[in-house]
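Numbering (this note's numbering), first residue to last: 830 to 1069.
Just so it is clear, CB atoms sit at the ideal spot from N, CA and C, and this is done for glycine as well.
Treat the numbers as computed from the prediction; the structure is a model and nothing was measured.
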């Protein structure tokens, strides 16, 4: 099964890919990333450029434009989820001594929308605005486990049937226990735990994640897991 998307979705798929790269990129590279024909890529880039969502930074290389910055600022200033999440993430990071983040699903990727770094010299190198495929790691799996069925099916549409069967078994376990734990799935030596945040009507808003060097998880994992779940529950209760 493969995703079937219309032209409007293709425009935003291209914009999403451009944002995920983190550096100016050529139209040909974007076409390869998205699987779009090069002619369509140029056409969609032209539309996005007119709306200032994309900007040609160097000759032949494209990056998010000034309107994307305005959208990001608006998201931060007018989002109650972020407003309430920041102090709770700061408390979780201080309490655990590790890095704490608010993660959200965006299409087939998981995006870090807020990050409080650990104060320790040895810590996980993850940044606000960074994204990764919605497939591996505690954050991705807890979001997949609790999102609506149609969203999950869309995100996993390109996954082979055998892989889907294995992953669905893992997601069922995560739903039963209420959190996800991973180690080394994205970056070697990194341990993580993630718990879902639910708003009114039990709709999934995002996930609270705590990340730490795996060598420190042996002694702290049980407490970190409990604190992460408590933080996610507190944030959800504030948004009801």
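With contacts defined as CB atoms closer than 8 Å, residue 895 and residue 883 fail to qualify as a contacting pair. Nearest in C-alpha terms to residue 1028, of all of 848, 913, 852 and 838, is 913.
The Cβ atoms of residue 921 and residue 1057 sit closer than 8 Å to each other.
Annotation for residue 884: no alpha helix (DSSP H) segment contains it, though the beta strand (DSSP E) segment containing it runs 883-887. Linking residue 846 to residue 872 through their CA atoms gives a straight-line distance of about 16 Å. The beta carbons of residue 1061 and residue 1025 sit about 6 Å from each other, so the pair counts as a contact at 8 Å. In this structure, the alpha-carbon of residue 885 lies about 14 Å from that of residue 858. The segment 938-952 makes no contact with the segment 989-1004; the number of CB pairs closer than 8 Å stays below 3. For residue 930, the enclosing beta strand (DSSP E) has its first and last residue at 928-935. Contact between the segment 994-1001 and the segment 926-946 is absent: fewer than three C-beta pairs spanning the two stretches fall below 8 Å.
In this chain, residue 890 is not harboured by any alpha helix (DSSP H); it is covered by the beta strand (DSSP E) spanning 890-893.
Positions of the beta strand (DSSP E) runs, each at least 3 residues long and wholly inside the segment 986-1018, are given as 1009-1012 in order along the chain.
As DSSP reads the structure, residue 1042 sits in a beta bridge with 1019. Per DSSP, residue 962 is one residue of the beta strand (DSSP E) stretching across 960-962. Per DSSP, residue 940 is one residue of the beta strand (DSSP E) stretching across 938-945.
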